[in-house]
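Trainee: Below you'll find the structure I mean.
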Amino acid sequence: MEILQRYSFRIDLDPAFRIADDTEALLLRRDVMETMMETQYEQADEDSPFAKLVENYGGDRDDLPIKNLILSIYEFSRSHPSPNLWLEEVLTSFQDLSLEKINQSSWFQSLMEDVALELKGVEALLKEAVYYAESPGGPTVYLDCLKEDLAIVNRVQEVIHFSWEETYQEMKVSFGRLKACKGKDIDEVIKNKAKDLRDNAKKRFDKVREELFSIPPQVYIDNLKEMAPLMEKMIDLVRCFAEDYQKAKKEKGLVDFSDLEHFALQILLDEESTPHNPVPSVAAMDYQAQLNLEGKM
Numbered sequence: 001m002e003i004l005q006r007y008s009f010r011i012d013l014d015p016a017f018r019i020a021d022d023t024e025a026l027l028l029r030r031d032v033m034e035t036m037m038e039t040q041y042e043q044a045d046e047d048s049p050f051a052k053l054v055e056n057y058g059g060d061r062d063d064l065p066i067k068n069l070i071l072s073i074y075e076f077s078r079s080h081p082s083p084n085l086w087l088e089e090v091l092t093s094f095q096d097l098s099l100e101k102i103n104q105s106s107w108f109q110s111l112m113e114d115v116a117l118e119l120k121g122v123e124a125l126l127k128e129a130v131y132y133a134e135s136p137g138g139p140t141v142y143l144d145c146l147k148e149d150l151a152i153v154n155r156v157q158e159v160i161h162f163s164w165e166e167t168y169q170e171m172k173v174s175f176g177r178l179k180a181c182k183g184k185d186i187d188e189v190i191k192n193k194a195k196d197l198r199d200n201a202k203k204r205f206d207k208v209r210e211e212l213f214s215i216p217p218q219v220y221i222d223n224l225k226e227m228a229p230l231m232e233k234m235i236d237l238v239r240c241f242a243e244d245y246q247k248a249k250k251e252k253g254l255v256d257f258s259d260l261e262h263f264a265l266q267i268l269l270d271e272e273s274t275p276h277n278p279v280p281s282v283a284a285m286d287y288q289a290q291l292n293l294e295g296k297m
């Protein structure tokens, strides 16, 4: 706050700004969104990317889903130091797609980290099921199937960070069917524990496959390429909203909490700065000098 008030003139910010409360910010965002969307409707024809975007992502009765999507992308972009750069990277990722680039992309690696974590949970459930199957009174006839299930999971774990195509191929393999288990030596409680654990593991494994590996990677890429014009329009809408919202806040002398961080970075970083090579601004060096001076007093 002190930095913003002291150096507000460097970013054309009213030094008498105040922080909007949650309700005020919500209402202002809503008004800005409505005005922007009305303009888009007036300018778009029925074959435009905007019309297709509303058709594909709008609701049955209104366009609230697409408005919420714009806001979600906007808010997520604001969690990055350079929102516009992040939006540009998202757009580029849709325009220049290939299996090799996706395998190397940070978002793919992040997604696979989540999948790997889920598979760790599946593996833990199966190992616990094996423990019960091997216990006295346990369903030993389950063991072959459980160990094959574990082998399937382990094969996926070996390739998941390196290749989408290989992961897809390994995920196509389904868990087998447990053999019938009866007999006077079988403890029903132990048997049911083993079965429940295995059923849960299978359910979680199948969910991952259905959500992320239900179609071949190349088909998925082709679908994404077809979406590129729509994504380009979506990013354009997010940028329009961000610009209009910023103007509306400025007119009212308001900032929201995400502005505080971005304005501070704007003040403290030189225009030549990049995300990988931050360069302190004159204001940053001046502020540091004042802090050093105060520290000696």
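No gaps in the numbering here: position 176 of the sequence shown is 176 in this note's numbering, and each next residue is one more. From the three backbone atoms N, C-alpha and C, an ideal C-beta is built for every residue, glycine too. The structure displayed is predicted, hence computed values, not measured ones.
#1: I believe E166 touches V159 by the beta-carbon criterion, under 8 angstroms. Please report the beta-carbon distance rounded to the nearest angstrom.
#2: Is it right to say E170 is buried, meaning 16 or more other beta carbons lie within 10 angstroms of its own, or is it exposed?
#3: Suppose you measure from the CA of D62 to the CA of M37; what does that come to, to the nearest Å?
#4: In this structure, how does DSSP classify I215 when only helix, strand and coil are distinguished?
#5: Out of G138, M33, L254, which has the shortest C-alpha to C-alpha gap to Y74?
#6: Looking only at its chain, what residues have a beta carbon closer than 6 angstroms to the beta carbon of F205, apart from the 5 residues adjacent to it on each side?
#7: Starting from the Cα of L212, find the closest Cα among F108, E55, D96 and give me that residue.
#8: Could you check whether the stretch 83 to 102 touches the stretch 133 to 141, counting it as contact only if at least three pairs of C-beta atoms, one from each stretch, sit closer than 8 angstroms?
#9: For K193, count neighbouring C-beta atoms within 10 Å of its own C-beta (all shown protein chains included) and say buried if the count is 16 or more, exposed if not.
#10: With S105 as the anchor, note down where its alpha helix (DSSP H) starts and where it stops.
#11: Measure from the alpha carbon of L125 to the alpha carbon of each residue in S106, V219, L197, T23, then state which is nearest.
#12: State the CB to CB distance for the pair L111 and Q157, rounded to an integer number of angstroms; the pair is presumed to be in contact (CB under 8 angstroms).
#13: Reducing DSSP to helix, strand and coil, say where R177 ends up.
#14: Evaluate A16 with the Cβ neighbour count: other Cβ atoms within 10 Å of its Cβ, from every protein chain shown; 16 or more gives buried, anything less gives exposed.
#15: Sorted by chain position, which residues of the same chain lie with C-beta nearer than 6 angstroms to L237's C-beta, five sequence neighbours on each side aside?
#16: Can you tell me whether Q95 is buried or exposed? The criterion is at least 16 other CB atoms within 10 Å of its CB, across all chains shown.
#17: Cβ of C145 within 8 angstroms of Cβ of K179?
#18: Can you give me the C-alpha to C-alpha distance between E24 and G58, rounded to a whole angstrom?
#19: Quick one: residues in its chain with C-beta nearer than 8 angstroms to the C-beta of N103, no 5 flanking neighbours on either side, listed in chain order?
#20: Return helix, strand or coil for L254, following the three-state DSSP convention.
#21: Which value, in whole angstroms, describes the spacing of the CA atoms of E323 and S79?
#22: Which ranges does the alpha helix (DSSP H) cover as unbroken runs of at least 4 residues, wholly within the stretch 75 to 160, from first to last along the chain?
Mentor: The answer reads as follows:
#1: 4 angstroms
#2: buried
#3: 12 angstroms
#4: coil
#5: M33
#6: V122
#7: F108
#8: no
#9: buried
#10: Per DSSP, S105 belongs to no alpha helix (DSSP H) and is neither H nor E.
#11: L197
#12: Actually they do not touch by this definition, with Cβ atoms about 15 angstroms apart.
#13: coil
#14: exposed
#15: I70
#16: exposed
#17: yes
#18: 26 angstroms
#19: F162, S163, W164
#20: strand
#21: In the structure as shown, the chain starts at 1 and stops at 297, and residue 323 therefore has no counterpart that could be examined.
#22: 83 to 95, 99 to 104, 106 to 134, 143 to 159
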